[in-house]
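Have a look at the structure below before the remarks.
Protein chains: 2
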Amino acid sequence: MDFYNKTGKMALGSRLRRLSEQMTEQAAAIYDLYQVDLQPKWFPVFYSLLEQEETGKSIMDIAREIGHTHPSVSQIVREMAAKGYVTERKGETDGRKNFVLLSPAGQALRQKMQVQLEDVTTAIEKAMNETHHDLWKAIGEWEFLLEQKSLLRRVQEEKKQRESNEVQIVDFLPEHSLAFKQLNEEWITTWFKMEEEDHHALDHPKEHILDKGGHIYMALYQGQPVGACGLIPMEDGNFELAKMAVAPSAKGKGIGFLLGQACIEKARSQGAQKLYLESNTKLKPAISLYHKLGFHKVAGPPSPYERCNIQMELRLD
Amino acid sequence: MDFYNKTGKMALGSRLRRLSEQMTEQAAAIYDLYQVDLQPKWFPVFYSLLEQEETGKSIMDIAREIGHTHPSVSQIVREMAAKGYVTERKGETDGRKNFVLLSPAGQALRQKMQVQLEDVTTAIEKAMNETHHDLWKAIGEWEFLLEQKSLLRRVQEEKKQRESNEVQIVDFLPEHSLAFKQLNEEWITTWFKMEEEDHHALDHPKEHILDKGGHIYMALYQGQPVGACGLIPMEDGNFELAKMAVAPSAKGKGIGFLLGQACIEKARSQGAQKLYLESNTKLKPAISLYHKLGFHKVAGPPSPYERCNIQMELRLD
DNA sequence: TAAATTTGCGTAATCACTTACGTAATTAAT
DNA sequence: ATTAATTACGTAAGTGATTACGCAAATTTA
Numbered sequence: 011m012d013f014y015n016k017t018g019k020m021a022l023g024s025r026l027r028r029l030s031e032q033m034t035e036q037a038a039a040i041y042d043l044y045q046v047d048l049q050p051k052w053f054p055v056f057y058s059l060l061e062q063e064e065t066g067k068s069i070m071d072i073a074r075e076i077g078h079t080h081p082s083v084s085q086i087v088r089e090m091a092a093k094g095y096v097t098e099r100k101g102e103t104d105g106r107k108n109f110v111l112l113s114p115a116g117q118a119l120r121q122k123m124q125v126q127l128e129d130v131t132t133a134i135e136k137a138m139n140e141t142h143h144d145l146w147k148a149i150g151e152w153e154f155l156l157e158q159k160s161l162l163r164r165v166q167e168e169k170k171q172r173e174s175n176e177v178q179i180v181d182f183l184p185e186h187s188l189a190f191k192q193l194n195e196e197w198i199t200t201w202f203k204m205e206e207e208d209h210h211a212l213d214h215p216k217e218h219i220l221d222k223g224g225h226i227y228m229a230l231y232q233g234q235p236v237g238a239c240g241l242i243p244m245e246d247g248n249f250e251l252a253k254m255a256v257a258p259s260a261k262g263k264g265i266g267f268l269l270g271q272a273c274i275e276k277a278r279s280q281g282a283q284k285l286y287l288e289s290n291t292k293l294k295p296a297i298s299l300y301h302k303l304g305f306h307k308v309a310g311p312p313s314p315y316e317r318c319n320i321q322m323e324l325r326l327d
Numbered sequence: 011m012d013f014y015n016k017t018g019k020m021a022l023g024s025r026l027r028r029l030s031e032q033m034t035e036q037a038a039a040i041y042d043l044y045q046v047d048l049q050p051k052w053f054p055v056f057y058s059l060l061e062q063e064e065t066g067k068s069i070m071d072i073a074r075e076i077g078h079t080h081p082s083v084s085q086i087v088r089e090m091a092a093k094g095y096v097t098e099r100k101g102e103t104d105g106r107k108n109f110v111l112l113s114p115a116g117q118a119l120r121q122k123m124q125v126q127l128e129d130v131t132t133a134i135e136k137a138m139n140e141t142h143h144d145l146w147k148a149i150g151e152w153e154f155l156l157e158q159k160s161l162l163r164r165v166q167e168e169k170k171q172r173e174s175n176e177v178q179i180v181d182f183l184p185e186h187s188l189a190f191k192q193l194n195e196e197w198i199t200t201w202f203k204m205e206e207e208d209h210h211a212l213d214h215p216k217e218h219i220l221d222k223g224g225h226i227y228m229a230l231y232q233g234q235p236v237g238a239c240g241l242i243p244m245e246d247g248n249f250e251l252a253k254m255a256v257a258p259s260a261k262g263k264g265i266g267f268l269l270g271q272a273c274i275e276k277a278r279s280q281g282a283q284k285l286y287l288e289s290n291t292k293l294k295p296a297i298s299l300y301h302k303l304g305f306h307k308v309a310g311p312p313s314p315y316e317r318c319n320i321q322m323e324l325r326l327d
């Protein structure tokens, strides 16, 4: 297929499907050649039953083993039973189960298939010797890769990384005032309600944060402010990380992490030894972000905010 | 999938199918992630249309390019047209054709997909870097292999070779008399009718062939006689290859070839310089077997057999 | 120039799976 | 000891491809 040389890797799925369909079609002809009355789709079930257990295997056992869904196995078993190759038996201790066993006729098929399986195996192995890249092993590796981390997850990570490269962390400017307020109001009102303290800091960031020796970083994505985070000086010379907010529409770009990193660096450069923060355990993603940044839970001084039920800190030395 | 480590290579088809199904499922989720309103199955068609030709592409053009059947393309195009991503136009010079073109809406999708395609490609390429065996290239190689020679053909060859190892070529014994006659009668009566000469040779092989210095080989498969072939001395000191017969049930085991080889060797050891035979062009497989054995067409002396319309010979020196 | 064959493509049926859903049996939680 | 959740499995419907078939247009052959 020349076509797939042009599309590139993203057509991997389509390409695989085409190849597998070709092979299944050939398989049917091969069963014919050996006059084995077995449909290719039965093969995994049949093979699973060869490993004979006295009591047979339940539908779910087989499904799990061969990696199909149970309705698929159920249907295949019904078809095989109609041909007399398997017998079904209700579970004695567990009445829901349906134990499937190869019948004598099924056992006879096994004999007949023996030669076929050998021929097919040699044919495929000979073909494989003509290739440089081992399809069999490659499939195995991909099954493993996808089990570890789905393709979706892999693409999500790629997206996140690309987008976070497009995120700029900049110092707060007067023109960010409105965005700073809105971003914070948004998350506070979705989870809690605005408190007295919030209004002070959000309406007058210059007076309440910057002029007191604090700092504010803004995150810009495609030029638009989509995140904010403040450093507020504490009495002991350290800083509190506060007013961290990211627009919901800009989630998944690693913006919180970038803002956090910027703040940590700033605090360190200001000679702080610790970074402190207050949050709420309801905010799971936030807490896990703080963990990722290196914060850990501490028992701190009482907070002026009602919504605070967890306090964390990060040692900078 | 542990299971497929037990089944061995013959489950290659089943295994491929499972992997491709997993990937297609993931693909759908990925389109969702980028909010691209495109079904994974549309991808090959869509991609083919990106390579824009002013006039569009006909259904068959697309089908051939992406390696699907035309009904599949036809249906996908219908679905895409319903969403407004493509426009259809009847052929002007050829009224049967249906030219498909990406609509402006389709063009817009292309823009939107650009980033997604890049992310997916990098994700897959990164995953591929974690593997030792290149799935992409392996698939390409297999597509090529199967195009050259189908899996069925490969298995057939394997079967033939294995079975021909189980074929024994033995000298004629009195106990083979009946088989010798029946094997020959069978093919003669299916194609022609028995002639005077046939009865002589088949009823009394000893007198008409062996005692005159000729020779007969029998082919045994699983102990049963399934083929025969005679060498009849000619006046010029050479031999005629005749009475070659193989049971229809034993076709495809290379028996004819083995019998032919045995006869050729015998003739050579008897000091013959040429081997001669008479046949009929209706018997295509036989003629091609003779060619494979090295015979070529000649104009020989008139034959006593009515059914003879081709004469061949093989030089032994 | 008429008849036969080939080609393009749409519709319907089929295939080998899947999800969705329902029922009954078993196990866990309150 | 109920109630709730889980598990086993069957049936029905859906999915993305395929073959089978039929019609009409175009091309080849007689």
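Protein sequence lines correspond, in order, to chains X and V.
Numbering of the first sequence is given in my numbering, commencing with residue 11 and proceeding in unit increments.
Numbering of the second sequence is given in my numbering, commencing with residue 11 and proceeding in unit increments.
Each residue gets a CB set at the ideal place from its N, CA and C atoms; glycine is no exception.
Same chain, Cβ closer than 8 Å to residue i, neighbours up to 5 away in sequence not counted
| i | result |
| --- | --- |
| glutamine 232 of chain X | Glu176 |
| histidine 306 of chain X | Met322, Glu323 and Leu324 |
| phenylalanine 109 of chain X | Thr65, Gly66, Lys67, Ser68, Glu98, Arg99, Lys100 and Gly101 |
| glycine 281 of chain V | Gly247 |
Cβ shell of residue i (< 6 Å), same chain only, five flanking positions each side left out
| i | result |
| --- | --- |
| alanine 21 of chain X | Tyr14 |
| threonine 97 of chain V | Leu111 and Ser113 |
| histidine 210 of chain V | His218 |
| leucine 48 of chain X | Tyr41 |
| alanine 229 of chain V | Val177, Ile179, Val236, Gly237, Ile265 and Leu269 |
Rounded straight-line distance, which links the Cα of residue j to that of residue i
| i | j | result |
| --- | --- | --- |
| serine 82 of chain X | alanine 73 of chain V | 30 Å |
| glycine 237 of chain V | isoleucine 320 of chain V | 22 Å |
| glutamate 316 of chain X | leucine 220 of chain X | 24 Å |
| lysine 85 of chain X | aspartate 71 of chain X | Here the sequence assigns glutamine to residue 85 of chain X, which means lysine is not the residue at that position. Approximately 15 Å between the Cα atoms of the pair. |
| serine 279 of chain V | glutamine 192 of chain V | 29 Å |
| glutamate 217 of chain X | histidine 301 of chain X | 30 Å |
| isoleucine 69 of chain V | leucine 268 of chain V | 50 Å |
| leucine 119 of chain V | methionine 138 of chain V | 28 Å |
| serine 58 of chain X | glycine 264 of chain V | 35 Å |
| cysteine 273 of chain X | alanine 39 of chain V | 35 Å |
| glycine 266 of chain X | glutamine 121 of chain V | 28 Å |
| tyrosine 286 of chain X | asparagine 194 of chain X | 19 Å |
| cysteine 239 of chain V | leucine 188 of chain V | 14 Å |
| glycine 105 of chain V | glycine 94 of chain V | 23 Å |
| serine 30 of chain V | valine 55 of chain V | 18 Å |
| arginine 88 of chain X | leucine 155 of chain X | 34 Å |
| lysine 253 of chain V | leucine 299 of chain V | 14 Å |
| leucine 212 of chain X | lysine 170 of chain X | 29 Å |
| serine 24 of chain V | lysine 51 of chain X | 8 Å |
Close-in-space but distant-in-sequence residues of the same chain around residue i (CB under 7 Å, 5 per side omitted)
| i | result |
| --- | --- |
| aspartate 327 of chain X | Gln283 |
| alanine 296 of chain V | Ser289 |
| alanine 276 of chain X | The amino acid at residue 276 of chain X is misidentified as alanine; the sequence shows lysine. His225 and Leu241. |
Sheet register partners of residue i (DSSP bridge)
| i | result |
| --- | --- |
| leucine 111 of chain X | X/Thr97 |
| cysteine 318 of chain V | DSSP, once it has assigned bridges, lists no residue as partnering cysteine 318 of chain V. |
| arginine 325 of chain V | V/Lys284 |
| histidine 306 of chain V | V/Glu323 |
| glutamate 250 of chain V | V/Ile242 and V/Tyr286 |
| alanine 260 of chain V | Paired residue(s): none; alanine 260 of chain V is not in a bridge. |
| serine 68 of chain V | V/Phe109 |
| alanine 255 of chain V | V/Ala238 |
Residue interval of the alpha helix (DSSP H) (run including residue i)
| i | result |
| --- | --- |
| arginine 25 of chain X | 22-43 |
| phenylalanine 267 of chain V | 265-279 |
| glutamine 343 of chain V | Because chain V here runs from 11 to 327, residue 343 of chain V falls outside it and cannot be looked at. |
| glutamate 196 of chain X | 187-201 |
| glutamate 151 of chain X | 145-158 |
| glutamate 89 of chain V | 80-92 |
| lysine 16 of chain V | 13-17 |
| proline 54 of chain X | 53-60 |
| aspartate 208 of chain X | 206-213 |
Unbroken beta strand (DSSP E) run spanning residue i, endpoints
| i | result |
| --- | --- |
| alanine 229 of chain X | 225-231 |
| glutamine 234 of chain X | 234-243 |
Cβ contact check for the region 140-158 of chain V and the region 149-162 of chain X: 3 or more pairs under 8 Å: yes
Cβ contact (3+ pairs, closer than 8 Å) linking the region 157-170 of chain X and the region 153-164 of chain V: no
Any 3 or more C-beta pairs closer than 8 Å across the region 115-130 of chain V and the region 92-106 of chain X: no
Inter-stretch contact at 8 Å, needing at least 3 Cβ pairs: the region 252-263 of chain X / the region 196-214 of chain X: yes
Cβ pair count under 8 Å reaching 3, the region 23-38 of chain X against the region 61-69 of chain X: no
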